[in-house]
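Taking the working numbering, the leading residue of the sequence shown gets 15, the next gets one more, and so forth. Don't be surprised by glycine CBs; every beta carbon is placed ideally from N, CA and C.
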Amino acid sequence: MATEEKTEGSSSSPELSKKFPFMFLEKITNCFSQIFCKDPFGTVYKGTLPDSNKKIAVKKLEQSEEIPRDDFENQVQSIVGLKHENIVELVGFCNETHQNSTERLLCYGFAPDENLQQHLFGTEETEDSSSTEPSNNWNTCFKIIKGICQGLLFLHKQLDNNPITHMDLNLKNIWLDKTMVPRIANVELSRIFSHEQITKESCGYMAPEYINDTRNAMSFQTDIYSLGVMIIQITTGEKSRGKMEDRASRSYIDKIRRKWTAEHIASKYSSLDSECLHQVHACIKTGLECAD
Numbered sequence: 015m016a017t018e019e020k021t022e023g024s025s026s027s028p029e030l031s032k033k034f035p036f037m038f039l040e041k042i043t044n045c046f047s048q049i050f051c052k053d054p055f056g057t058v059y060k061g062t063l064p065d066s067n068k069k070i071a072v073k074k075l076e077q078s079e080e081i082p083r084d085d086f087e088n089q090v091q092s093i094v095g096l097k098h099e100n101i102v103e104l105v106g107f108c109n110e111t112h113q114n115s116t117e118r119l120l121c122y123g124f125a126p127d128e129n130l131q132q133h134l135f136g137t138e139e140t141e142d143s144s145s146t147e148p149s150n151n152w153n154t155c156f157k158i159i160k161g162i163c164q165g166l167l168f169l170h171k172q173l174d175n176n177p178i179t180h181m182d183l184n185l186k187n188i189w190l191d192k193t194m195v196p197r198i199a200n201v202e203l204s205r206i207f208s209h210e211q212i213t214k215e216s217c218g219y220m221a222p223e224y225i226n227d228t229r230n231a232m233s234f235q236t237d238i239y240s241l242g243v244m245i246i247q248i249t250t251g252e253k254s255r256g257k258m259e260d261r262a263s264r265s266y267i268d269k270i271r272r273k274w275t276a277e278h279i280a281s282k283y284s285s286l287d288s289e290c291l292h293q294v295h296a297c298i299k300t301g302l303e304c305a306d
């Protein structure tokens, strides 16, 4: 394929091409050996561009056989190069068929240090802990909340002709760099996978009306509900278990509404000044309103 030959022969920089050969992505990820994270839609690997040593991330999609080839390329190309400080930029993709299997991968121009789930509650090995102490570093927590909101506003309101509903906002899909700037990842999921596929896999953040009736069209309100659950977790430091019997986290939200009174906030955040306490109150109130 001409596009792929040009990519291999010209440079390893992803900015020069939107389409990458499978062998190139396999090489820069060291045969897909360094896993950053996994989700129901694929595994994200860390990679290094050989010429510049720039760190990037590559996602190898699962269920790729269910995605029509032309649909995949058209939908992905529509958002390649989408730029915002709080969005993970998709710089390219791979769409190759080898014998009886199809390889579909997404290439991002950013390799995170950790995701928000790991930052708040530890790795999968240690995240049995159900709470953390955001009061220890409230300024960072507030910075992360504001960044997520700015990124979501960009997707919903600032793409004039092609707004994006994320459909799978959760802590694992918020990537952090060394300076704690949050970036929303997997913004292309709603373009690649069906509403039914995403609803089936989402747990803990999906608005109840979409879980109970998949005929409902996905809307911005779906993302706002998920945003509310995230804001509550970041602010309180209490994790939503998101079990299959409570995929909308309704019992978690009800518990927060009862527990996090003004008196409880003052007790938990006794070290904060009045301005920061006001921010905490506002974040919990906003999170609960988003999840109403």
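Check: Excluding the 5 residues preceding and the 5 following T43 in the sequence, name in chain order all residues of the same chain whose CB lies nearer than 6 angstroms to its CB.; Outcome: Y59, G61, V72
Check: Just to confirm, is the Cβ distance from K273 to C51 under 8 angstroms?; Outcome: no
Check: Are I245 and G301 close, meaning C-beta to C-beta below 8 angstroms?; Outcome: yes
Check: At the level of alpha carbons, what is the spacing between L134 and S115?; Outcome: 38 angstroms
Check: Quick one: what does DSSP say V294 is sitting in, helix, strand or coil?; Outcome: helix
Check: How should D182 be labelled, buried or exposed, when 16 other C-beta atoms within 10 angstroms of its C-beta is the threshold for buried?; Outcome: buried
Check: In whole angstroms, what is the alpha-carbon distance linking P64 and T193?; Outcome: 25 angstroms
Check: Which residues in the same chain have their Cβ closer than 6 angstroms to the Cβ of F124, if we skip the five residues on either side of it in sequence?; Outcome: V102
Check: In this structure, does DSSP put G301 in helix, strand or coil?; Outcome: helix
Check: Is it right to say M319 is buried, meaning 16 or more other beta carbons lie within 10 angstroms of its own, or is it exposed?; Outcome: Because the chain in this structure spans residues 15 to 306, residue 319 falls outside the shown range and cannot be described.
Check: Taking buried to mean at least 16 other C-beta atoms within 10 Å of its own C-beta, is K253 buried or exposed?; Outcome: buried
Check: Note down the Cα distance separating E147 from D287, rounded to an integer number of angstroms.; Outcome: 16 angstroms
Check: What did DSSP end up calling T250 once you bin it into helix, strand or coil?; Outcome: helix
Check: Please tell me whether I238 and P196 are closer than 8 angstroms, where the distance is taken between their beta carbons.; Outcome: no
Check: According to the Cβ coordinates, are L166 and P177 closer than 8 angstroms?; Outcome: no
Check: Comparing alpha-carbon positions, which option in Q113, Y219, K282 lies nearest R264?; Outcome: Y219
Check: Can you grab the Cα-Cα spacing for the pair Q235 / H180, in whole Å?; Outcome: 11 angstroms
Check: Spatial neighbours of I267 within its chain, please: C-beta separation below 6 angstroms, excluding the five flanking residues on both sides.; Outcome: A305
Check: Looking at the structure shown, is W274 part of a helix, part of a strand, or coil, going by DSSP?; Outcome: coil
Check: Identify, in the order they occur along the chain, each residue of the same chain with its Cβ nearer than 7 angstroms to the Cβ of Q48, setting aside the five sequence neighbours on each side.; Outcome: Y59, K60
Check: Over the uninterrupted alpha helix (DSSP H) stretch that includes N153, give me the two end residues.; Outcome: 152-171
Check: Could you give the first and the last residue of the continuous beta strand (DSSP E) run that contains R118?; Outcome: 115-122
Check: To the nearest whole angstrom, what separates the beta carbons of T250 and I298, a pair I think is in contact under 8 angstroms?; Outcome: 7 angstroms
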